[in-house]
Amino acid sequence: MFYPGPLVALVDIGRTISLVIIGGGLLWLFIRALKGKEVDRRVIFLFIFIAVATPILFPITFGEKATRVVKAVYDKIESLPAGSTVIISFDFDPAMAPEVQPMANAITRHCLVKGHKIIFMSLFATGQALLTQTLRDVVETEFPDKKEEVDYVNLGYKAGNEGVLNVIISDFKKMFPTDVNNIPYDSIPALDDVSSCKDVDLIVSIGGGKPGVKEWVLFVGDPGRVPVACGVAAVVAPQMYPYYPKQLLGLLGGIKGAAEYESELIHNYPRFKDVDTPGLRMMGPQTLAHMVIITFILIGNLSFFIKKRKDRQ
Amino acid sequence: MKRELPFVLVFIFGMFMLLQYFVPHEKSEWVYEFFLAWTIIIGIFALALGIWSLFKVSVDKIKMHRPGWGYSYVTLAGLFVMIAFGFTKRNGDAWGLYHLWWILGLLCLGAIMQVRAETNTGRKKMYFVVSLVLLAATVAISIFDNTWSFHFYTSEGLENTLFRNFFDYIMIPILSTMFALLAFFIASAAYRAFRARNLMATLLLFAALLVMSRFNPWIPGAEYVAKASTWLMNVPNLAAQRAIVMGIGLGVIATALKVILGIERGYMGKG
């Protein structure tokens, strides 16, 4: 969110007042905890609400540096020669979209700026509409010179979960005889050199549900020896670590992963300095909310120990 | 025979799928892909069954006036409206009678539901006639109004303004809100659950604090905290997760063998 000059001071004042309210409130609860008093559930909800709302209204941003797991995905896309083919699979529903769509957008941007061909598809029924959002907000807006069916192709959603992957590992056309515009597979220039998943240079599965990353690894990545990377919701990320670094070359976990990727992209491609970076924007609310939760955990333990001591006495 | 046949089929197809994995012959792969196509077809039939089931459950709820029966109208309206929007698209600049078409369609659906829900015979007949008239009007508009058309083979319906608006401004915010509400419950649960009651709970508490702090540049010594939490994720978490994955894998093999050999019969509705 960009504020015009005169509003900047007001934003600073608003941010300071909000942080003072949160800090003061937590301090008051801390003092209450010293007397062994517990915090009501509704008070916790109120603090979380303020902690999330404040950085949205009065932006708080941080500089991010890509960690090894995120950098691995970035470096892979960066190292592929122009014209390589990358599959980006939108394996998520609207519930997960705020967390993982920024990753999909950033990776799409990166692939297009490097001149890679992209095959967009989805294993989730609702993923196709979210895919269309990325096409509208990123591809058509930021890359008007890129042509559909030539530089990228939208194959859309196909029902069948793992069954779809089991077929496209050996024959893409059998599962996708046309793209979403009903153009026959053989008439799509972007798919000229692709007869199966084994012909693509990288697969990026964005999501975290089922079917999703695990299925891509089990049914395509491993048997076809195709590099797979992923972007998943934060709650799913720990479950993906066992696959890193062999079956998954890298992974983006939650908003933090998206923010790191966006930051790396902006750092290396200044043309993206002014594009919307929801990952970086959302790090403010997340960080503040984490701070509040950490403080509540400390307050909870303090009141727990004081109560225990009182009971003993 | 009624019981034996499914077991025989499961055994034959289960054994085939198992052995096929080790036979990389062209013909075996062709049969394998043929069966996979069947699983997709069956999946699509399950979708139709799901829609029918939703319709039936909703109508029964309305019929019995069970608690919250009014919401069943909203459920069904949402279901059919999104299907209608997803399959139709404007051809020129004007929508023509499109809005009248989908409103009549919804009214027709309501009348059909009333036919099923109504117990009074006279009213039942009246709703039946009304539903027939509405259906005829809906069909007539869809045939004669050329300003919009159906798109069954392409995704053009997804570009329908109404479909997009319903998806972008209703579906996404609703589902995102439901997911975002987790933050409030997680905060409340963390406050109550993460207490140093014993050694294991204390370890869990410190692990949670470390992992949560790794995103936080305001924490003193953020760099060391980040390193420690990365180690936590990459070493103990990785080891435990791998053990779980291996365990699940072995469990899946055992269960699959039990199903193929007819020891596990839960899928038949019997233990």
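Each protein sequence line maps, in turn, to chains D and C. For the first sequence, our numbering assigns the number 1 to the initial residue and increments by one for each residue that follows. For the second sequence, our numbering assigns the number 1001 to the initial residue and increments by one for each residue that follows. C-beta: ideal position from N, C-alpha, C; glycine also. For clarity, every value in this text was computed on a predicted model and none was experimentally measured.
Check                                                                                                                                                                 : Outcome
To the nearest angstrom, report how far apart C:HIS1000 and C:ALA1077 are at their CA atoms.                                                                          : Outside the shown range of chain C, which is 1001 to 1271, sits residue 1000 of chain C, and nothing can be said about it.
For C:GLY1271 and chain D, any beta-carbon pair shorter than 7 Å?                                                                                                     : The predicted position of C:GLY1271 is uncertain, since its pLDDT is 48 and thus under 50; no value can be drawn from it.
Could you please tell me which residues of the segment 294–308 of chain D, in chain order, have their CB closer than 9 Å to any CB of chain C?                        : ILE294, PHE296, ILE297, LEU298, ILE299, GLY300, ASN301, PHE304 and PHE305
Any idea what DSSP makes of D:ASN182, helix, strand or coil?                                                                                                          : coil
To test your reading of the DSSP string, which unbroken alpha helix (DSSP H) runs of 4 or more residues are found completely within the segment 1125–1199 of chain C? : 1161–1166, 1172–1180 and 1182–1193
Nearest by alpha-carbon distance to D:VAL70: which of D:ASP199, D:ALA125 and D:TYR244 is it?                                                                          : D:TYR244
Can you pull the chain C neighbours of D:ARG41, defined as C-beta to C-beta under 7 Å?                                                                                : SER1188
What residues of chain C sit near D:HIS116, judged by a beta carbon separation below 7 Å?                                                                             : Near D:HIS116 there are no residues of chain C at all, since even the closest Cβ is about 23 Å away, more than 7 Å.
Can you check the segment 108–193 of chain D for any alpha helix (DSSP H) of at least 4 residues that lies completely inside it and give the ranges in chain order?   : 127–134, 162–168 and 172–175
For C:ARG1090, list the residues DSSP reports as bridge partners.                                                                                                     : C:TRP1148
In terms of residue numbering, what span does the alpha helix (DSSP H) encompassing C:LEU1106 cover?                                                                  : 1098–1117
Secondary structure at D:LEU202, three-state DSSP: helix, strand or coil?                                                                                             : strand
Going by the CB atoms, is the gap between D:PHE124 and D:ASP91 shorter than 7 Å?                                                                                      : yes
Could you check whether the Cβ of C:SER1176 sits closer than 7 Å to any Cβ belonging to chain D?                                                                      : yes
Closest Cβ-Cβ distance between C:SER1028 and chain D: below 7 Å?                                                                                                      : no
Along the alpha helix (DSSP H) that carries D:LEU249, what are the first and last residues, could you check?                                                          : Looking at the DSSP string, D:LEU249 is not in any alpha helix (DSSP H), and its letter there is neither H nor E.
Just grab the DSSP bridge partners of D:VAL228 for me.                                                                                                                : D:ILE203
May I have the straight-line CA-CA distance separating D:THR54 from D:SER18, to the nearest angstrom?                                                                 : 6 Å
Would D:PRO242 be called buried (16 or more neighbouring beta carbons within 10 Å of its own) or exposed?                                                             : buried
Using the three-state DSSP reduction, which class does D:THR61 fall into: helix, strand or coil?                                                                      : coil
Can the beta-carbon of D:ALA234 be found less than 7 Å from the beta-carbon of D:LEU249?                                                                              : no
Rank C:MET1233, C:ASP1093 and C:TRP1030 by C-alpha distance to the C-alpha of C:THR1147 and give the top, closest one.                                                : C:ASP1093
Shorter than 7 Å from the beta carbon of C:PHE1150 to some beta carbon of chain D?                                                                                    : no
Buried or exposed: which applies to D:GLN128, given that a residue is buried once 16 or more other Cβ atoms fall within 10 Å of its Cβ?                               : buried
Quick check on the burial criterion: 16 or more other C-beta atoms within 10 angstroms. Buried or exposed for D:ILE313?                                               : A quick correction: the sequence has Gln, not Ile, at residue 313 of chain D. Counting Cβ neighbours within 10 Å, D:GLN313 comes out exposed, since fewer than 16 surround it.
Taking the alpha helix (DSSP H) that C:VAL1059 belongs to, which residues open and close that run?                                                                    : 1026–1064
In whole angstroms, what is the alpha-carbon distance linking D:GLY284 and D:PRO211?                                                                                  : 31 Å
May I have the straight-line CA-CA distance separating D:LYS146 from D:LEU130, to the nearest angstrom?                                                               : 19 Å
Can you have a look at C:ASN1120 and say buried or exposed, based on whether 16 or more other CB atoms are within 10 angstroms of its CB?                             : exposed
Could you tell me the boundaries of the alpha helix (DSSP H) in which D:ILE306 lies?                                                                                  : 278–312
Determine which residues of the segment 1240–1251 of chain C have a Cβ less than 7 Å from any Cβ of chain D, and write them out in chain order.                       : GLN1241, ARG1242 and VAL1245
Looking at the C-beta of C:ALA1196, does it have a partner C-beta in chain D at a distance below 7 Å?                                                                 : yes
Name the residue from C:TRP1095, C:TYR1073, C:ASN1091 and C:TRP1102 whose alpha carbon lies nearest to the alpha carbon of C:ALA1084.                                 : C:TRP1102
Quick one: Cα of C:THR1161 to Cα of D:MET240, how far?                                                                                                                : 38 Å
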